[in-house]
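A.B. asks: Got a structure for you, written out below as structure tokens; questions coming shortly.
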RNA sequence: GGCGGCAUCGUCUAGCCUGGCCUAGGACACAGCCCUCUCAAGGCUGCGACACGGGUUCAAAUCCCGUUGCCGCUACCA
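Residue numbers (this note's numbering): 2 to 479.
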């Protein structure tokens with residue numbers, strides 16, 4: 002019988018969800034899904050002064066938006082005190098942890114001293130061999146204390162990382178680090194290992210900035226007498242400048258991507274590819290295809306740079322595959338803000354039609370208003386460049402006049418029929434198609450770019466088209 | 001400083017474990033062409049990389065050693 006795969010995402014609520022963290026969450030989710038296991042959410046809020054519940058809420062909302070639904074949790078470390086107390090009691094009884102009465106101030110001072118002497122800073126082991134009577138006396142004096150682990154003085158600690166391979170560290174380089182802080186709360190490594198153990202996590206998938214923590218956590222597992230999970234350390238994600246991803250290099254928090262108008266599916270697709278790939282280098286994945294194909298063996302070892310251009314490309318691909326009606330629903334917040342849409346509940350058919358005409362031109366949802374605005378406004382904004390290039394030319398006056406007359410008489414204003422009319426006119430007059438199409442396009446829309454001419458005319462309608470050509474003739478054509 | 005990690009086109013990467021099929025493949029971006037009424041989309045072509053130096057071998061991107069560079073940890077932060 003194979004054991005259930007259990008992964009977890011363990012953010013600390015000290016800020017908004019960073020895009021690197023999102024990728025970590027995604028890999029954990031995908032790995033668990035692929036193996037029909039569980040994906041657990043654990044909020045690491047042991048830093049009482051920096052943790053805020055609004056961040057926890059934002060993190061969860063972000064994960065839900067991305068579709069990374071967790072199967073257990075959220076568990077808050079701040080509510081799991083009994084777990085850590087029980088563990089520390091066991092360790093203390095077995096002599097694997099001890100109380101340290103040195104205050105942070107003293108520690109810092111001794112650390113600086115050691116450094117000035119050219120020695121490595123860090124804990125000097127002063128309280129390690131305190132007798133129980135001394136220890137009791139110090140406690141009665143009312144001195145605060147922290148719990149430290151008794152670390153081995155020699156030997157090798159090694160583990161086989163799924164991504165990085167075998168990693169070995171000399172135990173002597175690991176100090177007696179703090180397990181429980183003097184405020185009674187667990188320190189990171191302790192809370193993490195105690196929880197991973199308690200939650201029966203089978204695979205710890207996290208950023209490789211945690212590699213140096215792993216031996217410490219292994220030591221805790223060993224002291225607890227538990228079997229450690231498998232570890233998979235993901236390479237970091239950097240910005241274009243090679244540093245940690247930040248606002249300066251584009252965007253850093255999930256919310257920013259959401260506000261820019263990236264689709265959750267596109268972001269998942271992009272993030273999955275940032276560090277992972279299939280051997281055939283597939284770029285675009287259908288819904289649910291990621292969780293089938295994802296595999297930790299396809300994760301690379303080297304850090305990656307967040308490529309905004311590629312994200313835009315993927316997002317555009319996803320937008321092109323979205324139906325106009327769905328797209329209208331998704332773009333509603335931006336349309337609303339631009340004043341193009343009045344109510345998100347009631348999306349006019351006309352907006353959906355406009356979207357259908359311009360769909361392949363958006364990279365993000367935030368670009369939608371500016372790109373369909375010219376189709377929907379009543380007054381045409383004539384682009385000066387378009388006017389000078391396509392209207393202020395010889396022969397335009399005759400062409401527009403002819404076309405205006407033809408359109409005025411046209412009952413069937415469908416794109417197909419319009420095309421027939423234009424084609425036969427062009428043929429009859431022995432003109433190049435562009436010679437006719439371009440001025441009409443500008444006269445009717447004010448722009449040089451846009452949908453195909455016949456779709457454009459059909460969309461605008463006969464009366465408006467005729468009227469606009471008349472206006473252009475009067476105002477712009479010489 | 002110590003310890004650990006990483007190193008293929010500008011970017012994401014395939015290949016590395018199990019040397020030869022690699023005159024190093026794909027994707028984004030960029031350039032050109034095609035399609036075409038414009039802009040896109042799409043198609044095609046091009047540009048473009050094994051960090052450096054030694055070794056092992058008939059043969060190295062792939063194995064070994066060293067150098068360099070970048071990153072992380074070295075907290076009673078997580």
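Where a beta carbon is used, it is the ideal one built from N, C-alpha and C, also for glycine.
My understanding is that residue 442 touches residue 457, with C-beta atoms under 8 Å, so please give their C-beta distance in whole angstroms.
C.D. replies: 7 Å
A.B. asks: Within a Cβ cutoff of 7 Å, which residues of the same chain sit near residue 422, ignoring the five residues on either side of it in sequence?
C.D. replies: 407 and 411
A.B. asks: Put residue 299 into one of helix, strand or coil per three-state DSSP.
C.D. replies: helix
A.B. asks: Would you mind giving the Cβ-Cβ distance between residue 207 and residue 163, rounded to the nearest angstrom? I have them listed as a contact below 8 Å.
C.D. replies: That pair is no contact at about 12 Å.
A.B. asks: Going by the beta-carbon positions, is the gap between residue 285 and residue 219 smaller than 7 Å?
C.D. replies: no
A.B. asks: State the CB to CB distance for the pair residue 301 and residue 276, rounded to an integer number of angstroms; the pair is presumed to be in contact (CB under 8 Å).
C.D. replies: 6 Å
A.B. asks: What does the Cβ neighbour count give for residue 360, buried or exposed, with the cut at 16 atoms within 10 Å?
C.D. replies: buried
A.B. asks: What's the gap between the Cα of residue 462 and the Cα of residue 414?
C.D. replies: 7 Å
A.B. asks: Grab me the residues of residue 116's own chain with a C-beta within less than 7 Å of its C-beta, minus the 5 sequence neighbours each way, in chain order.
C.D. replies: 122
A.B. asks: From this set, 298, 55, 382 and 470, which residue's C-alpha is nearest residue 409's C-alpha?
C.D. replies: 470
A.B. asks: Buried or exposed, going by whether 16 or more other CB atoms sit within 10 Å of the CB of residue 105?
C.D. replies: exposed
A.B. asks: Cα-Cα, which of 171, 289 and 185 is closest to residue 148?
C.D. replies: For residue 148, the closest alpha carbon among the candidates 171, 289 and 185 is that of 185.
A.B. asks: Tell me the DSSP secondary structure of residue 9 in three-state form.
C.D. replies: strand
A.B. asks: Taking the alpha carbon of residue 221 as the point to measure from, which residue in 72, 85 and 129 has its own alpha carbon closest?
C.D. replies: 85
A.B. asks: Buried or exposed, going by whether 16 or more other CB atoms sit within 10 Å of the CB of residue 152?
C.D. replies: buried
A.B. asks: Give a yes or no on whether the C-beta atoms belonging to residue 345 and residue 326 are separated by under 7 Å.
C.D. replies: No, Cβ-Cβ distance for residue 345 and residue 326 is not below 7 Å.
A.B. asks: Please state whether the Cβ-Cβ distance between residue 76 and residue 43 is less than 7 Å.
C.D. replies: yes
A.B. asks: Identify every residue that forms a DSSP beta bridge with residue 101.
C.D. replies: DSSP lists 147 as partners of residue 101.
A.B. asks: Helix, strand or coil for residue 19 per DSSP?
C.D. replies: Residue 19: strand per DSSP, three-state reduction.
A.B. asks: Output needed for residue 319: all residues of its chain with C-beta closer than 7 Å, excluding positions within five of it in sequence on either side, in chain order.
C.D. replies: Excluding positions up to five away in sequence, the list reads 264, 266 and 267.
A.B. asks: What does DSSP give as the partner residues of residue 467 in its beta bridges?
C.D. replies: According to DSSP, which records beta bridges pairwise, residue 467 is partnered with nothing at all.
A.B. asks: Could you tell me the alpha carbon to alpha carbon distance between residue 324 and residue 35, rounded to whole angstroms?
C.D. replies: 29 Å
A.B. asks: Short of 7 Å in beta carbon distance, which residues of its chain neighbour residue 217, apart from the five on each side in sequence? Order them along the chain.
C.D. replies: 175, 178 and 190
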